[in-house]
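Trainee: Sending over a structure as structure tokens; questions will come in a sec.
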Amino acid sequence: MFSLKLAVVFVLFVVETSSNQALDERISWKEWWAYEGPSGPTRWGGIEDSWKICTKGMYQSPINILPEKLLFDPNLMRLNLDTRKQIPGNLINTGHDLTFLLDDVMSGLFNISDGPLMYNYQVNEIKIHYGRDDERGSEHMVDGATFAAEIQFIAYNIDLYKNISEARIQPYGTTILAVFAEIGLPESSTFQTLVNYATRIRYKGQSIRIEALNIKDLLPRSNYYVTYEGSFTQPGCQETVTWIIPNKPIYISKANLISLRNLYQSSSDLPVFKLDNSRRSVMPLNNRVVKTNINYPGRGDLCSMSKETFYEVNPAMRI
Ligand SMILES: *[C@@H]1O[C@H](CO)[C@@H](O)[C@H](O)[C@H]1NC(C)=O
Ligand SMILES: *[C@@H]1O[C@H](CO)[C@@H](O)[C@H](O)[C@H]1NC(C)=O
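So, in structure tokens, the structure goes:
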């Protein structure tokens with residue numbers, strides 16, 4: 012009797028994806044790629060024809076952000092984040108990463124607009140990237156340094172496109188708000204909540220329902236960011252992403268990271284590989300410009316920012 016009751020509780024909490032058609036339609040389980048080994052990042056371009064850009068693309072992400080090369084752009088607006096207080100969705104072990112898929116409701120639960128954006132974007136999912144070491148978890152780097160983790164809010168253009176699948180292959184299709192996480196205090200309680208739920212979906216294909224996630228607690232309190240045009244950091248690496256990266260991290264615990272590294276890449280019958288690395292190496296910047304709304308001291312204040320100094324900041328921009 013007891014075990015039956017337990018089994019019922021288990022089913023209520025953990026929904027195997029095979030029994031959840033709605034989720035199956037929104038997640039691609041069949042993709043064979045990895046962060047290491049023979050189907051690792053340097054080989055992604057050869058796995059499928061449409062993924063060629065992973066290898067050949069010139070606008071790939073992530074990148075190493077060089078503070079001294081940032082271009083201050085006085086036209087960049089304040090970023091507008093409209094989020095419901097509590098957001099319902101499903102936390103999924105995709106085998107590649109930990110993804111929180113927001114419920115697909117007609118009106119967005121979390122919208123991103125302004126900043127460098129000309130359209131309105133709706134967050135579809137949140138992905139957490141981390142690595143084997145506390146010092147090497149984020150995908151983006153700043154001046155050659157990595158952070159403990161990177162939380163990516165993946166949003167699509169709702170003014171032009173119907174869903175993320177359509178948007179990710181179209182111009183101005185998507186934006187990703189990438190938040191760095193560092194070990195420290197005050198700890199994000201929402202991150203802690205995500206990790207607690209994650210320990211119940213250790214194997215690929217498992218998912219768990221979260222009725223109310225407080226997203227605000229995953230966002231740093233800062234109006235400053237850097238932005239550039241890049242790509243998805245997973246196959247097919249489509250170059251349709253406006254990246255927005257706040258200048259402040261949120262804080263998480265070492266214990267959180269240890270729990271995440273105990274997830275598995277494989278399903279429960281084959282618990283071979285730990286899901287302890289979900290980061291792609293930095294890609295060449297090529298001639299891209301990384302802009303910021305941070306007006307560094309010594310570069311004059313916003314009001315005195317003339318066209319001339321605007322171009323002076325980055326010599327590469329001089330015509
Ligand atoms: C997001 O945008 C949609 C469409 O404009 C709107 O209906 C919805 O209320 C917005 N959501 C939030 C949380 O502001
Ligand atoms: C996304 O929108 C496109 C174009 O309207 C449609 O063909 C496709 O079935 C939609 N995909 C999903 C997953 O809803």
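Using the numbering used here, you'd call the opening residue of the sequence shown number 12 and step up by one each time. Every residue gets a Cβ at the ideal spot worked out from N, C-alpha and C, and that includes glycine. Owing to the predicted nature of the structure, the values given are computational and were not obtained by experimental measurement.
#1: For Tyr235 and Glu79, I'd like the C-alpha separation in whole angstroms.
#2: Looking only at C-alpha atoms, which of Gly216, Val134, Asp115 and Asn91 sits nearest to Pro127?
#3: Closer than 6 Å to a non-hydrogen atom of ligand 2 - does that hold for the CB of Asn31?
#4: Going by Cα to Cα distance, which pick from Gly241, Ile137 and Gln203 is closest to Ile38?
#5: Give the DSSP-derived three-state secondary structure of Ile7 in the structure shown.
#6: In whole angstroms, what is the alpha-carbon distance linking Asn207 and Asn298?
#7: Keeping to the same chain, check which residues put their C-beta closer than 6 Å to that of Pro99; ignore five residues upstream and five downstream.
#8: Please tell me whether, using a cut-off of 6 Å, the distance from the CB of Ser218 to the nearest non-hydrogen atom of ligand 2 is below it.
#9: Quick one: what's got a C-beta closer than 8 Å to Lys285's C-beta in the same chain, skipping five residues either side?
#10: Which residue's Cα is closest to the Cα of Leu102: Thr251, Ile139, Thr253 and Leu87?
#11: What's the C-alpha gap between Phe84 and Val301?
#12: Can you check whether the CB of Phe191 is closer than 7 Å to the CB of Phe158?
#13: Does the structure place the region 250 to 263 close enough to the region 64 to 76 that three or more beta carbon pairs sit under 8 Å?
#14: What ranges does the alpha helix (DSSP H) occupy inside the region 135 to 220, keeping only unbroken runs of at least 4 residues that lie completely in it?
#15: In its own chain, which residues sit with a C-beta less than 6 Å from the C-beta of Ile165, not counting the 5 before and 5 after it?
#16: So, with DSSP's three-state summary, where would you put Asn267?
#17: In whole angstroms, what separates the C-alpha of Gln32 from that of Thr185?
#18: At a threshold of 6 Å, does Asn168 count as lining ligand 2 (C-beta to nearest heavy atom)?
#19: For Trp55, tell me which candidate among Gln245, Glu36, Val293 and Ser279 has the shortest Cα-Cα distance.
#20: So is Met88 buried or exposed if we call it buried at 16+ other beta carbons inside 10 Å?
#21: Kindly indicate which three-state DSSP category Glu36 falls into: helix, strand or coil?
#22: So what's Ile74 in DSSP terms, helix, strand or just coil?
#23: Exposed or buried, which one is Gly48 when buried takes at least 16 other CB atoms within 10 Å?
#24: Evaluate Asp287 with the Cβ neighbour count: other Cβ atoms within 10 Å of its Cβ, from every protein chain shown; 16 or more gives buried, anything less gives exposed.
#25: Can you look up Pro49 in the DSSP assignment and give me helix, strand or coil?
#26: Measuring CB to CB, does Arg290 end up less than 7 Å from Pro52?
#27: Applying the criterion that 16 or more other CB atoms from any shown protein chain within 10 Å of the CB defines a buried residue, is Val116 buried or exposed?
#28: Between Ser176 and ligand 2, is the CB less than 6 Å from at least one heavy atom?
Mentor: In brief:
#1: 16 Å
#2: Asn91
#3: no
#4: Ile137
#5: Because the chain is modelled from 12 through 330, residue 7 falls outside the range shown and cannot be assessed.
#6: So the alpha carbons of these two residues sit roughly 42 Å apart.
#7: Asp114 and Glu222
#8: no
#9: The answer, listed in chain order, is Arg272, Asn273, Leu274, Tyr275 and Gln276.
#10: Closest option to Leu102, Cα to Cα, is Ile139.
#11: According to the sequence shown, residue 84 is Asp rather than Phe. Asp84 and Val301: Cα-Cα distance of roughly 10 Å.
#12: Yes.
#13: These segments touch.
#14: With a minimum length of 4 residues, the continuous alpha helix (DSSP H) runs that stay inside the region 135 to 220 are 175 to 178 and 200 to 209.
#15: Asn135, Glu136 and Ile187
#16: When secondary structure is reduced to three states using DSSP, Asn267 falls in the helix class.
#17: 25 Å
#18: no
#19: Gln245
#20: With fewer than 16 other Cβ atoms within 10 Å, it is exposed.
#21: helix
#22: coil
#23: exposed
#24: buried
#25: helix
#26: no
#27: exposed
#28: yes
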